[in-house]
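Here is the structure we will look at, set down as structure tokens.
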Amino acid sequence: MLTRATDPRPARVLLTGFGPFPGVRENPSERLIRRQAADPGLRPRMDCDMRTAVLPTEWQAVRSALPALLAEHDPDVILHFGVHERAAGLRVEQRARNHMGVAPDARGRRGTGTAIVSGAPRVLRSIGPSERLVSQLRAGGLQAALSVDAGRYLCNMLFYLSLLHAQGTGRPHAVQFVHIPRVAEPGRHGPGRPMTSAELDAGVAALIKACLAFRPPRSLGRGRHGTEIAA
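Residue numbering for the sequence shown follows this note's numbering, beginning at 1 and increasing consecutively.
Structural data, given as structure tokens:
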């Protein structure tokens with residue numbers, strides 16, 4: 001079990017999702033997080049403290065909300081979730097790019113098309129057992145795959161800022177982003193068999209367990225970019 005050596009409290013796990021945005025009136029990642037918050041029975045039976053947040057799909061809101069979330073919850077593990085229109089299953093992202101896209105957010109405001117954080121690394125890799133996460137999901141009968149492209153939208157931005165914070169402070173010990181597909185709905189048809197809400201919930205439980213069992217490398221620690229996300 002992942003806990004801080006000098007802190008006897010249970011490990012804190014922060015789960016986040018996104019609200020609606022152009023083209024997606026109901027975001028399945030928001031529904032996923034709402035279910036996790038409302039039903040303790042969906043959570044793994046282990047000693048961890050679960051925190052949840054649904055972020056507005058807005059460029060500036062994500063930039064300002066993340067530092068407040070990290071300060072309030074001080075998580076040991078962060079699992080971010082977002083929807084991917086073309087995903088057939090769960091996509092475990094392995095890296096985030098220091099680039100803000102130009103697509104409009106939920107308020108119709110466009111990104112700058114420039115760096116998310118000036119002078120910061122061009123690419124940051126996920127922190128945590130990405131390959132193990134995929135193995136755990138597949139072992140549970142779920143479609144899952146590794147991905148090296150978190151996109152150019154708010155998903156990538158949130159992932160990058162969380163990784164930058166962890167690189168600079170040594171916390172959290174695991175930061176992962178998982179893209180989820182559209183969820184099966186009555187009367188909705190698409191290629192293949194869509195995932196159900198129950199399958200997504202089972203996937204979250206497997207992801208949490210794998211991240212809590214992860215032992216971070218000793219090299220993970222404070223770097224020079226640790227405070228820039230608040231800019």
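Quick reminder that beta carbons are idealized off the backbone N, C-alpha and C, glycines included.
Please state whether DSSP places residue i in a helix, a strand or coil.
i, result
"Arg222", "Confidence in Arg222 is poor, its pLDDT being 48 and thus under 50, which makes the residue's placement unreliable; the coordinate value appears in the next sentence. It is coil, neither helix nor strand."
"Ile33", "helix"
"Pro104", "strand"
"Ala213", "helix"
"Arg138", "helix"
"Asp49", "strand"
"Arg132", "helix"
"Ala144", "strand"
Rounded to whole angstroms, what is the Cα-Cα separation between residue i and residue j?
i, j, result
"Val175", "Phe214", "11 Å"
"Cys48", "Ser64", "27 Å"
"Glu58", "Val83", "15 Å"
"Val24", "Leu55", "14 Å"
"Leu161", "Pro104", "19 Å"
"Gln60", "Ser29", "20 Å"
"Val148", "Pro10", "31 Å"
"Gly141", "Ile180", "15 Å"
"Gly19", "Leu207", "21 Å"
"Ala120", "Leu163", "11 Å"
"Ser135", "Met100", "31 Å"
"Gly168", "Leu124", "12 Å"
By the DSSP assignment, the alpha helix (DSSP H) with residue i in it spans what residues?
i, result
"His73", "Trp59 to His73"
"Leu157", "First, the residue type needs correcting, since residue 157 is Met and not Leu in the sequence shown. Where Met157 is concerned, the enclosing alpha helix (DSSP H) stretches over Leu154 to Thr169."
Identify which residue in the options has its Cα closest to the Cα of residue i.
i, options, result
"Arg109", "Pro22, Ser197, Ala205 and Pro10", "Pro22"
"Arg12", "His73, Ala115 and Pro20", "His73"
"Ile33", "Leu163, Ile78, Ser118 and Ile116", "Ile78"
"Arg86", "Gly111, Thr16, Pro194 and His165", "Pro194"
Is there contact here, the stretch 92 to 100 with the stretch 160 to 179, by at least three beta-carbon pairs under 8 Å? Cβ pair count under 8 Å is three or more, so yes.
Are three or more beta carbon pairs between the stretch 194 to 203 and the stretch 155 to 170 nearer than 8 Å? The stretch 194 to 203 vs the stretch 155 to 170: no contact.
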